[in-house]
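To start, the structure under review is shown below, and the notes come after it.
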Amino acid sequence: MPRLARLALAAALACAACGDVRERLEHDAVQALALAPAGAAVRPFRTEFVDRTPFPLGADARWSVALGASTPLAGGGAALATRPRVGGHSVTLSFDARGFALATLEQIRLRARCAAPLQGRAHFKVRKQRGRVGAHAVAFEIQPSSEWRDVEIGLAQASVWDGEIQSVSLTIDSAAPGQVELLELALVRGARSIGFEPLGEDEPTRPAQDIGLVARGRDARRAFAADLDQPLEATARVPRDGLLAFAVSAGAALEAEAGPFDVEALVAPAEPGAPFTSLGALRVTRDALERKWTLLHYPLPERAGRDVRIRLVTRAAGGVRAADEEARQRVLYSAPLVLGARPAGGRPNVLFVTLDTTRADAAPNRGFTPHLDRLAARGLVFRQAFSTCNSTSASHASMLTGLLLSAHGAVDNLHLLPGGNTTLAETFRARGWHTAAAVSAEHLNTGTGFGQGFDEYWNADEERHDGRKTIAGLQGYFEEWGRAPQRPFFAWLHLFDAHTPYGPPPEELAAFARERGIALPPPRVDPPTAPVYADYPEVNQWSNGANSAEYLRALYHLGVAWADHCLGQVLDDLERRGWLANTLVVVTADHGEAFGEHETWYSHITLHDEIVRVPLVVAGPGVERAGFVDVPASGLDLFPTLARVAGAQPPADRFGVDLFELAAGRTDPSRALYFQLERAQQAGSHTPRWHFIDTLSGPLVRMGGPRLDERGRRAPDFVTVEAGTPFLYDQAADPAHARDVAGAHADVVEQLRKELAPTVVLDAHSGARLRVVSPEQLERLQQLGYMGR
29 MPRLARLALA
39 AALACAACGD
49 VRERLEHDAV
59 QALALAPAGA
69 AVRPFRTEFV
79 DRTPFPLGAD
89 ARWSVALGAS
99 TPLAGGGAAL
109 ATRPRVGGHS
119 VTLSFDARGF
129 ALATLEQIRL
139 RARCAAPLQG
149 RAHFKVRKQR
159 GRVGAHAVAF
169 EIQPSSEWRD
179 VEIGLAQASV
189 WDGEIQSVSL
199 TIDSAAPGQV
209 ELLELALVRG
219 ARSIGFEPLG
229 EDEPTRPAQD
239 IGLVARGRDA
249 RRAFAADLDQ
259 PLEATARVPR
269 DGLLAFAVSA
279 GAALEAEAGP
289 FDVEALVAPA
299 EPGAPFTSLG
309 ALRVTRDALE
319 RKWTLLHYPL
329 PERAGRDVRI
339 RLVTRAAGGV
349 RAADEEARQR
359 VLYSAPLVLG
369 ARPAGGRPNV
379 LFVTLDTTRA
389 DAAPNRGFTP
399 HLDRLAARGL
409 VFRQAFSTCN
419 STSASHASML
429 TGLLLSAHGA
439 VDNLHLLPGG
449 NTTLAETFRA
459 RGWHTAAAVS
469 AEHLNTGTGF
479 GQGFDEYWNA
489 DEERHDGRKT
499 IAGLQGYFEE
509 WGRAPQRPFF
519 AWLHLFDAHT
529 PYGPPPEELA
539 AFARERGIAL
549 PPPRVDPPTA
559 PVYADYPEVN
569 QWSNGANSAE
579 YLRALYHLGV
589 AWADHCLGQV
599 LDDLERRGWL
609 ANTLVVVTAD
619 HGEAFGEHET
629 WYSHITLHDE
639 IVRVPLVVAG
649 PGVERAGFVD
659 VPASGLDLFP
669 TLARVAGAQP
679 PADRFGVDLF
689 ELAAGRTDPS
699 RALYFQLERA
709 QQAGSHTPRW
719 HFIDTLSGPL
729 VRMGGPRLDE
739 RGRRAPDFVT
749 VEAGTPFLYD
759 QAADPAHARD
769 VAGAHADVVE
779 QLRKELAPTV
789 VLDAHSGARL
799 RVVSPEQLER
809 LQQLGYMGR
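Letter by letter, the sequence shown follows residues 29 to 817 of my numbering.
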């Protein structure tokens with residue numbers, strides 16, 4: 029069998045079962061299979077405690093206090109006192125994992141209370157492929173409370189499913205001597221599938237449950253786990269021209285087996301006791317299973333219209349395998365499908381493209397984005413579109429959920445998107461669309477919670493964020509989908525090329541600048557027109573000492589142009605396959621970039637126009653007449669717009685409106701648009717008359733232009749904004765937002781504050797969870813200008 033590109037085709041095309049299966053099969057001839065061990069009964073999701081330890085600790089408890097002291101409480105529970113350590117005080121609990129199956133652990137849950145905020149870390153070691161051991165740490169917070177509160181520590185964010193958990197410990201830190209009271213500590217397999225990927229409201233029950241997105245290299249697929257010789261089964265009704273599609277890969281525990289292995293698919297009539305017939309078996313080596321997903325297709329001849337049982341099983345060739353006293357996750361199957369001939373036309377595909385760090389005045393129709401310009405020529409161009417946040421993760425979370433960051437909980441690039449949110453991917457998947465994503469920034473990878481609802485997910489790597497690598501992953505999915513009957517897809521493509529360091533890959537810079545007709549001015553001029561912090565290279569080392577604002581703007585525009593170049597390749601690929609005509613394409617940005625406006629250079633740390641105004645183009649099915657739309661639009665409008673494309677009714681608590689309704693003049697053109705700074709430090713609104721920003725917490729510090737420090741070095745001039753400081757700009761008299769008139773319009777400020785208040789949920793952060801960030805990842809975020817945010 030030829031070596032197949034990347035992961036399983038439609039094997040990860042798994043959609044959430046929704047509505048009547050027969051009706052859906054007649055429409056799309058696609059059925060996602062919910063695998064369960066052979067003979068297992070259908071059961072609802074439930075929270076399953078794999079270990080539940082009450083405090084104080086008993087003699088048989090697996091948990092022990094490794095650092096600190098434990099004192100029983102009269103009403104139950106124990107007070108844990110911290111002990112000094114380097115840099116502060118801590119208490120540490122360790123779990124005795126000997127002989128204990130931790131492979132399916134999703135969550136650690138504390139029932140705790142404390143008088144002051146505490147920070148914590150859950151540490152665990154994971155055995156990976158070929159015996160390697162990896163260590164992970166998950167940060168969490170315990171908020172002050174006099175009542176017992178549950179603190180959930182999600183472990184799925186740390187790529188647990190790339191290995192088996194070997195040990196667990198908890199450390200709770202305090203700056204000064206302190207204590208935390210614990211009533212209970214539990215290890216939990218939770219009600220949601222691993223990876224914060226709930227299967228949707230339309231699928232309340234399902235046999236077994238998948239283990240979430242499992243990555244092989246950059247390519248992650250939704251998977252079911254089994255041991256060798258352990259059959260997994262599902263039922264299906266076979267459509268016309270039926271085809272079984274799935275992919276297989278190795279679990280970490282397969283390292284004990286020498287291989288080779290036989291992967292077999294079998295089918296039987298649905299009647300109980302009916303014998304199975306083999307559809308075929310593939311012999312694969314252990315090395316092949318460990319490095320990728322292997323895609324398998326099995327035709328289902330002469331079974332159209334019949335209900336069948338489908339069984340998947342992997343065996344050691346010759347029936348020889350290592351002895352083991354417990355079941356292990358040796359084999360992974362990406363969520364399988366039964367596919368059939370799809371009627372012509374039907375529901376549209378959706379390509380959702382987000383261009384990182386792209387200002388509204390950079391695209392489209394600015395002379396260096398020809399592919400986006402062609403899309404705009406046949407679509408709707410919203411010339412007054414506004415982002416919801418200055419932070420990549422928070423803004424994308426808002427677009428995918430229709431919620432402001434204070435509601436969805438992904439408050440900055442270091443926080444997870446919590447699993448309780450309903451995303452566009454979940455909405456489309458629950459209604460039969462294949463969902464896939466390809467992202468270019470690590471803080472959007474599957475471990476951050478953005479994998480919710482996606483069947484396939486192409487993660488960013490650690491190297492320079494070149495969009496060519498990202499589109500290669502998405503085009504690989506296109507190639508796989510083209511090998512079998514296609515379902516409608518919802519695909520999210522994120523391109524990071526406009527972000528610092530600006531410009532295309534260095535080896536492409538000169539030739540690409542000539543191709544796009546962008547002349548690069550000299551990088552250094554006298555006098556300087558842009559700040560250079562020569563003695564602070566960590567601040568802007570990417571600029572290589574350039575002090576010309578004109579040069580750096582041109583370099584930035586080349587980065588935007590490179591993202592457009594990558595987008596063009598994807599659009600050309602869709603057209604070559606005959607899919608573009610039935611694909612709704614939405615292109616926008618998460619935020620803009622500052623080039624000296626409002627004392628801010630080469631970053632996006634404000635809520636001014638240059639940061640929150642972004643491009644927005646919608647083209648394809650549903651666009652009745654192309655043209656420009658000057659009614660203000662918001663990133664929050666994307667969720668209701670695309671949810672309706674999926675046939676879903678958006679929840680009533682969303683601020684957004686349908687962009688098609690807005691373009692047709694059927695919405696209120698005077699409505700206020702809302703946005704928030706990361707961690708809700710500032711919030712603002714935009715109306716036809718006013719652009720308003722209020723400082724909710726402070727002091728807020730941002731980096732301005734250079735100054736000379738006490739040693740005569742050129743240093744950043746950090747500008748401090750105190751809590752309660754408003755900014756107000758008159759759109760009619762000052763479209764450039766150059767003059768803050770908040771002091772002259774106190775009544776307007778007060779009214780806008782009242783209108784803004786319901787959009788800001790300041791206590792929502794209690795539901796936010798920090799994600800796993802290694803020192804290396806934090807350094808990369810700092811190099812990108814996030815300065816630890």
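Idealized CB from N, CA, C, for every residue including glycine.
Return helix, strand or coil for Asp79, following the three-state DSSP convention. strand
Local conformation of Thr305 per DSSP, three classes: strand
Segment limits, alpha helix (DSSP H) that includes Val598: Ala577 to Arg604
Contact under 7 Å by Cβ, Ala622 with Glu603: no
How many whole angstroms separate the CB atoms of Glu627 and His636, which I take to be in contact at a CB cut-off of 8 Å? Incorrect: roughly 10 Å between the Cβ atoms, too far for contact.
So Leu146 and Ser197 are in contact, right, with Cβ under 8 Å, and what is the actual spacing, rounded? Not quite, the Cβ-Cβ distance comes to about 16 Å (not below 8 Å), so this is no contact.
Asn377 versus Phe517: straight-line alpha-carbon distance, rounded: 5 Å
DSSP three-state call for Glu454: helix, strand or coil? helix
Per DSSP, cross-strand counterpart(s) of Asn418: Answer is none; Asn418 lacks a bridge partner.
Relative to the C-alpha of Ser362, which candidate in Tyr485, Ala391 and Arg406 has its C-alpha closest? Tyr485
Should Val777 and Pro763 be called a contact, given that it needs their Cβ atoms to be closer than 7 Å? no
Over the uninterrupted alpha helix (DSSP H) stretch that includes Arg672, give me the two end residues. Leu666 to Val673
Once the 5 residues before and after Asp768 are set aside, which same chain residues still bring their CB inside 8 Å of it? Phe755, Leu756 and Tyr757
So if DSSP puts Phe688 in a beta bridge, which residue, or which two residues, is it bridged to? Note: Phe688 sits in no beta bridge, so no partner.
Classify Ala547 as helix, strand or coil using the three-state DSSP reduction. coil
Count the C-beta pairs between the stretch 658-677 and the stretch 393-404 that are closer than 8 Å, then say yes if the count reaches three, no if not. no
Residue burial classification, Glu353 (beta-carbon count within 10 angstroms, cutoff 16): Confidence in Glu353 is poor, its pLDDT being 42 and thus under 50, which makes the residue's placement too unreliable to answer from.
Is DSSP giving Trp520 helix, strand or coil here? strand
Across which residues does DSSP place Leu95 in a beta bridge pair? Thr120
Supposed close pair Leu360, Ala253 - CB separation, criterion 8 Å: 6 Å
Check the C-beta distance from Val119 over to Val208 and give it rounded, since I have them as a contact under 8 Å. 7 Å
Can you tell me which of the three DSSP states Glu261 falls into? strand
Bridge partners for Asp247 per DSSP, in chain order? Arg244 and Trp486
Looking only at C-alpha atoms, which of Phe703, Leu432, Trp461 and Ala425 sits nearest to Leu445? Ala425
Contact set for Leu644: own chain, Cβ-Cβ below 7 Å, skip 5 residues either direction: Phe410, Ala413, Thr616 and Ala661
By a C-beta neighbour count over all protein chains shown, 10 Å radius and 16 as the cutoff for buried, is Thr463 buried or exposed? buried
Distance between beta carbons of Leu211 and Trp91, contact taken as under 8 Å: The pair is not a contact, with the Cβ atoms about 13 Å apart (cut-off 8 Å).
Paired residues, beta bridge with Thr850 - DSSP: Residue 850 is absent from the model: the chain starts at 29 and stops at 817.
Measure the beta-carbon distance from Asp554 to Pro398 and round it to whole angstroms, keeping in mind my assumption that it falls under 8 Å. Incorrect: roughly 35 Å between the Cβ atoms, too far for contact.
At a cut of 8 Å, does the stretch 307-326 reach the stretch 378-390 through at least three beta carbon pairs? no
I need the straight-line Cα distance from Phe289 to Leu728, nearest angstrom please. 59 Å
Which of the three DSSP states, helix, strand or coil, is assigned to Val179? strand
Same chain, Cβ closer than 6 Å to Phe168, five either side skipped, listed in chain order: Gly148 and Ile181
Going by DSSP in three states, Gln779 sits in which element: helix, strand or coil? helix
Buried or exposed for Glu175, please, with buried defined as at least 16 other CB atoms from any protein chain shown within 10 angstroms of its CB. exposed
Counting along the chain, where does the beta strand (DSSP E) carrying Ser277 start and finish? Leu271 to Ala278
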